[in-house]
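Heads up: the structure comes next, in structure tokens.
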Amino acid sequence: MHRLFVALRPPPPMRVQLVGLMGGGSGLRWQGDEQLHLTLRFIGEVDHHQAEDIAAALGSIHAPPVTFALRGAGLLDRRGVPDTLWAGVTPHDGLRLLAERIGQALRRVGVPIESRAFLPHITVARLSRHAGPIDDILARWSSLASSPVTVAHFGLYESSLGGEGARYEAIARYPLAST
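So that you can map any letter, position 172 of the sequence shown is 172 in UniProt numbering, and since no number is skipped, the others follow by simple counting.
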């Protein structure tokens, strides 16, 4: 089985900026540079044959390159308990269009429709259930801002879960080109 997702990899200067803000807090597991990505669609567990169909379907997507900047931060929660610190990105329009086209391509090969609303972000830390107060960390991240970057490709990734967190491997890369 393969645990897959589709994502954009932020360019190196943006990743350096994110890594530079990381640190501190009790019960936070900061993401490493190799883990930083903007998820366009989480797919989940699929068998080898469906993974091949997914890879082929993603190759049929035509969309322009996307431009975005880092802007602010926030928390995601699970059952009312914060578990993820994320860096915000803006604007959402190009990212939303690309995510919609990815969703359409995936539906054609039997991947169910995503039920969650699309919130473009980059996960920067995971919080344990016993994380200490993070108000000071959230305040530091809330002023996050960067210059816009343009990304001209997206990728299909495989996620392997382990004791030290997830490890991501790029399976395929797809170009974005103005039409």
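For every residue, glycine included, the Cβ atom is placed at its ideal position computed from N, Cα and C.
Alpha helix (DSSP H) segment containing residue i, residue limits
i	result
residue 180	Nothing can be reported for residue 180: it is not among the residues displayed for the chain, which extend from 1 to 179.
Best match in the options for proximity to residue i [C-alpha to C-alpha]
i	options	result
E114	I122, A105 and I171	A105
I134	P82, G20 and V66	P82
G44	R79, P10, R173 and L156	L156
R116	R108, E100 and V109	E100
I61	L76, R107 and A87	R107
Cβ pair residue i, residue j closer than 8 Å
i	j	result
W30	G23	yes
S147	A69	yes
L127	L85	yes
S25	I137	Sequence inspection shows Gly at residue 25; the Ser mentioned does not correspond to that position. Result yes, Cβ atoms of G25 and I137 sit closer than 8 Å.
Where residue i falls: helix, strand or coil (DSSP)
i	result
R107	helix
R96	helix
A131	coil
G20	helix
P13	helix
I137	helix
I102	helix
Endpoints, the beta strand (DSSP E) within which residue i is located
i	result
H62	First-last for H62: undefined, no H or E at that position.
L8	H2 to L8
Are there three or more Cβ pairs, one per stretch, closer than 8 Å when the stretch 20-40 is compared with the stretch 118-135?
Yes: at least three Cβ pairs fall under 8 Å.
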